[in-house]
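Numbering (the working numbering), first residue to last: 42 to 235. Notes follow once the structure below has been shown.
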């Protein structure tokens, strides 16, 4: 990450091909439009932007064709020297979380990227399969903490008992990610307004 940002700057470009955006670009709100829009973005970003963050849900919406577009985009971005962050917001327990980790963080996976977003709201410990695999493969994990959507505040600002008094859940997540980083994988914790 340090080398790429030193060369290309700190810009993270998102690819969020929601149906209205596809229509605004004169494209169909279908798999063909998704493929064309993504191709334009990849061509613009691959050789110049440090980090590209595709929003996975907009690819999932088109089923296997959408995933095929995403697979190609991740490969082409990587080939062009850009780092990739799958904005997948995955979160589950046990073997299911391990399967998500394999999909996004395992060497050789068609969806392998440099980092993935995950949700800790089934308990920070539920992220262990992703954190461990990221450490093993040299990839990263961005842990949702305090998100920008106002609906999240009711959960993220909840108070938990702490050793030094009550602490917000979002802060607890940030603290746990920081503790994990002290000796392990880089686990980022994006924090919007809470």
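Every residue gets a Cβ at the ideal spot worked out from N, C-alpha and C, and that includes glycine. Predicted model only: the values in this text are computed from it and were never measured.
According to DSSP, is residue i part of a helix, a strand, or is it coil?
i: residue 213; result: helix
i: residue 188; result: coil
Determine, using beta carbons only, whether residue i and residue j come nearer to each other than 8 angstroms.
i: residue 49; j: residue 114; result: no
i: residue 167; j: residue 133; result: yes
i: residue 117; j: residue 83; result: yes
Tell me the residue span of the alpha helix (DSSP H) that contains residue i.
i: residue 86; result: 72–86
i: residue 115; result: 104–120
i: residue 47; result: 43–49
Label residue i either buried or exposed according to how many other C-beta atoms from any shown protein chain fall within 10 Å of its C-beta, with 16 as the threshold for buried.
i: residue 52; result: exposed
What are the boundary residues of the beta strand (DSSP E) that includes residue i?
i: residue 127; result: 124–131
i: residue 165; result: No beta strand (DSSP E) holds residue 165; DSSP gives it neither H nor E.
i: residue 55; result: 53–56
i: residue 92; result: 92–95
Using the Cα positions of residue i and residue j, report the straight-line distance between them to the nearest angstrom.
i: residue 140; j: residue 80; result: 28 angstroms
i: residue 107; j: residue 123; result: 21 angstroms
i: residue 183; j: residue 65; result: 30 angstroms
i: residue 147; j: residue 126; result: 14 angstroms
i: residue 150; j: residue 142; result: 10 angstroms
i: residue 180; j: residue 196; result: 28 angstroms
i: residue 131; j: residue 96; result: 12 angstroms
i: residue 137; j: residue 204; result: 32 angstroms
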